[in-house]
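Numbering-wise (our numbering), the sequence shown opens with residue 561 and increments by one.
Note that beta-carbon positions come from the ideal geometry of N, C-alpha and C, so glycine has one too.
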Amino acid sequence: MNIIISGLGIIGGSFAKALAKYTDHHIIGINRSEKPLQDALACGAIHEIGTRESIKTADMIILGTFPEAAVKFVRDNADIIQKSCIVTDTSGIKGQICPELVQLSKEYGFKFIGGHPMAGKQTVLPPLTLICSKMPAI
């Protein structure tokens with residue numbers, strides 16, 4: 561299975577690390593800045609840095625970004641997301657994500673499942689290099 565994780569912060573990075581460690585799935589990372597991608601690749605949290613072409617092969621997309629960025633990512637790529645693809649988010653704020661992604665999923669045919677990882681109290685987040693080196697995979 562090809563799993564794309566868009567947004568490699570603490571939640572997306574944790575998903576990537578756990579999936580890479582405990583499954584045989586191919587983990588593809590997409591992030592707005594390059595450093596977290598390189599860090600995730602170096603520590604084995606992802607197997608590949610994603611491109612628009614990678615999205616066409618995704619069996620699952622995990623949105624680990626803020627709601628506005630998650631909706632924009634899906635809207636910008638909805639035309640190439642496979643109909644069999646499951647799209648889920650990690651946002652605790654559903655007011656914007658659910659209505660918009662449900663509508664896009666109906667329009668383009670992919671499956672959207674709203675998610676919430678219950679990651680705990682929000683604090684200052686460490687860079688992915690610290691997550692990869694010091695935190696166990698979930």
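- The alpha-carbon of Val647 is positioned some 23 Å away from that of Glu594.
- As computed with DSSP, Lys671 is found in a beta bridge with Ile646.
- Contact between Ile590 and Phe575 fails: their C-beta atoms lie close to 13 Å from each other, not under 8 Å.
- When DSSP states are grouped into helix, strand and coil, Gly604 belongs to the coil group.
- If you ignore the 5 residues before and after Cys658, its C-beta comes within less than 7 Å of the C-beta of Gly674, all in its own chain and listed in chain order.
- Take the alpha-carbon of Asp636 and the one of Phe626: they are about 15 Å apart.
- A straight-line Cα-Cα distance of about 13 Å links Leu597 and Ile570.
- The residues Gly674, in chain order, have a CB closer than 7 Å to that of Lys654 in the same chain once the five nearest residues on each side in sequence are set aside.
- Around the beta-carbon of Lys577, 16 or more other beta-carbon atoms lie within 10 Å, marking it buried.
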